[in-house]
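Below is one structure; the comments refer to it alone.
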Amino acid sequence: MTYELREELPTAERFLELREAAGMTTRDREGVERGLPNSVYGATVVAAGTDETVGMARIVGDGGSVYHVCDMVVHPDHQGRGLGSRLMDAVMAYVDEHAPPNSYVNLMADVDGFYEQWGFEATRPASKGMFYRVDGE
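For the sequence shown, the working numbering begins at 16 and goes up steadily by one.
Structure follows, in structure tokens:
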């Protein structure tokens, strides 16, 4: 199977489907529909011939001094084919072209040994990553 990398965001529906398929934390559809258009950058991987989006990654932030890489996922049926690396290459090409010197680029990783190849480092002991999640009703 061949794949095409596109510099675009997935639909809200496909965004939710990909996260679910990969076992990622669920997101509220309303929040996704509101948030996706506010992305700084988005990339998808599409299976050639079917036009099915099988992977995605995006950057959120202020577009100047802070960039957060998030929602990086490849559908489990298409993993192990270098698609995650293609997505990260696209994300980092965007950062290299658009981020001013001394910009802060961060991410929350749930895999070891993947993001380091693009220069990402653990923040500890200088700082620690934290999060707060708004409870659903």
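Idealized CB from N, CA, C, for every residue including glycine.
If you draw a straight line from the Cα of V75 to the Cα of R21, it comes to about 17 Å.
Apart from the 5 residues on each side of it in sequence, A36 sits with its Cβ closer than 7 Å to the Cβ of H90, P91 in its chain, given in chain order. Beta-bridge partners of E19 (DSSP): V61. Under the DSSP assignment, E32 falls in the alpha helix (DSSP H) whose first and last residues are 27-36. With contacts defined by Cβ atoms closer than 8 Å, R101 and V60 form a contacting pair.
Taking each of T17, L122, V106, G79 in turn and checking the Cα distance to G64, the smallest one comes out for T17.
When the beta-carbon positions are compared, V55 and A72 stay at least 8 Å from each other. From the listed residues E131, G70, V81, the smallest Cα separation to R29 is found for G70. Exclusion of the five residues before and after V81 leaves Y119 as the residues of its chain whose Cβ lies within less than 6 Å of its Cβ.
Annotated as proximal: V88 and L33, with beta-carbon spacing under 8 Å. With 16 or more neighbouring CB atoms inside 10 Å of its own CB, Y109 falls in the buried class. Closest in C-alpha terms to A27, from the list L51, R96, M39, G38, comes L51.
By the neighbour-count criterion, in which a residue is buried when 16 or more other Cβ atoms sit within 10 angstroms of its Cβ, V106 is buried.
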